[in-house]
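K.L.:
Before anything else, here's the structure in question.
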Amino acid sequence: MPACKQPISALIVIHTSALDVLLLERADFPGYWQSVTGSRDDEESLRETAIREVKEETGLEAARYVLTDWQEQNVYEIYPRWVHRYPPGTTHNTEHVFGLQLPQQVAVQLSPREHLSYQWLPWNVAADKVFSPSNRAAILQLPERVQHG
Numbered sequence: 001m002p003a004c005k006q007p008i009s010a011l012i013v014i015h016t017s018a019l020d021v022l023l024l025e026r027a028d029f030p031g032y033w034q035s036v037t038g039s040r041d042d043e044e045s046l047r048e049t050a051i052r053e054v055k056e057e058t059g060l061e062a063a064r065y066v067l068t069d070w071q072e073q074n075v076y077e078i079y080p081r082w083v084h085r086y087p088p089g090t091t092h093n094t095e096h097v098f099g100l101q102l103p104q105q106v107a108v109q110l111s112p113r114e115h116l117s118y119q120w121l122p123w124n125v126a127a128d129k130v131f132s133p134s135n136r137a138a139i140l141q142l143p144e145r146v147q148h149g
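1 is the number of the first residue of the sequence shown in our numbering; add one for each residue after it.
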């Protein structure tokens, strides 16, 4: 049986300088789209969590791009369909938000166990497509956070 997940996670909004956002379709919840996200392993830093999750879910090397810790946390109730993955009695997760800026859209290598497909969408369209309210809120911040260059 796999170890329980920590109720501490990273949400990484992968985007281009033109404000296109990468979304992934969940394998365990087809039709539901999200940014890269995942729980912290052991004692890794949140930055390490973000780098690992980006690699696992997209094949991208986050260190090759601009990875920014937005210094933002969201505490939310864990969706009932996933609460069994956490220690007994755990009801809430603390999510730490990061942005990963790429110069342009790139093809990604999905982890088939986690995701069915991906797409790049303009930020405002992507915000309306994600199922998570905190993911939506993070995407809506992109115009003010992006580093044009």
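Note that the Cβ used here is the ideal one computed from N, Cα and C, for glycine as well. Here the structure is a predicted model, which is why all the values come from computation and not from measurement.
Buried or exposed for S9, please, with buried defined as at least 16 other CB atoms from any protein chain shown within 10 angstroms of its CB.
P.N.:
As a first step, residue 9 is located in the sequence shown; it is residue number 9 there, counting from the start. Classification for S9: buried.
K.L.:
Do S117 and E25 come within 9 angstroms of each other at the CB atom, strictly closer than that value?
P.N.:
On the sequence shown, position 25 is the one that residue 25 refers to. On the sequence shown, position 117 is the one that residue 117 refers to. Cβ distance < 9 angstroms, so E25 and S117 count as in contact.
K.L.:
Quick check on the burial criterion: 16 or more other C-beta atoms within 10 angstroms. Buried or exposed for D154?
P.N.:
Any property of residue 154 remains undetermined from this structure, which presents the chain solely from 1 to 149.
K.L.:
Assess contact between the stretch 27-43 and the stretch 63-72, defined as three or more Cβ pairs (one per stretch) separated by less than 8 angstroms. Is contact present?
P.N.:
Cβ pair count under 8 angstroms is below three, so no.
K.L.:
Look up L121 in the DSSP assignment and give the residues it is bridged to.
P.N.:
Looking up residue 121 in the sequence shown gives position 121. L121 pairs with V21.
K.L.:
Roughly how many whole angstroms lie between the Cα atoms of E53 and F131?
P.N.:
Against the sequence shown, residue 53 aligns to sequence position 53. Against the sequence shown, residue 131 aligns to sequence position 131. When rounded, the distance between both Cα atoms is 19 angstroms.
K.L.:
What I want to know is whether the C-beta of A107 ends up closer than 8 angstroms to one or more non-hydrogen atoms of the ligand MG.
P.N.:
As for the ligand MG, it is missing from this structure, which has no ligand bound.
K.L.:
What are the start and end residues of each continuous beta strand (DSSP E) run of 3 or more residues lying completely inside the stretch 45-124, in chain order?
P.N.:
Here the runs fully enclosed are 66-77, 92-102, 115-122.
K.L.:
Smallest Cα separation from T104: which of T58, H84, W120?
P.N.:
By one-based count along the sequence shown, residue 104 stands at place 104. Correcting the residue identity first, residue 104 is Gln in this sequence and not Thr. If we check each option's Cα against that of Q104, W120 comes out closest.
K.L.:
Return helix, strand or coil for A126, following the three-state DSSP convention.
P.N.:
Here residue 126 is taken as the residue at index 126 of the sequence shown, counted from 1. Of the three classes helix, strand and coil, the one that applies to A126 here is helix, per DSSP.
K.L.:
Do I78 and H96 count as a contact pair if the criterion is CB distance below 9 angstroms?
P.N.:
Working through the sequence shown from its first residue, we reach residue 96 at position 96. Working through the sequence shown from its first residue, we reach residue 78 at position 78. No, the Cβ-Cβ distance between H96 and I78 is not below 9 angstroms.
K.L.:
Please classify A10: does DSSP put it in a helix, a strand, or coil?
P.N.:
Taking the sequence shown and counting its residues from 1, one reaches residue 10 at position 10. Reduced to three states, the DSSP call for A10 is strand.
K.L.:
Judging by CA-CA distance, which residue of R81, P7, L142, T58 is the nearest neighbour of H115?
P.N.:
Translated into the one-based positions of the sequence shown, residue 115 becomes position 115. If we check each option's Cα against that of H115, T58 comes out closest.
K.L.:
Please report how far the alpha carbon of L22 lies from the alpha carbon of G89, in whole angstroms.
P.N.:
Mapped onto the sequence shown, residue 22 falls at position 22. Mapped onto the sequence shown, residue 89 falls at position 89. Going from the Cα of L22 to the Cα of G89 covers about 33 angstroms.
K.L.:
Less than 6 angstroms between C-beta atoms, sequence neighbours within five positions excluded: which residues of the same chain meet that for L46?
P.N.:
Within the sequence shown, residue 46 is the residue found at index 46, counting from 1. Closer than 6 angstroms at Cβ, skipping near neighbours: A10, H96.
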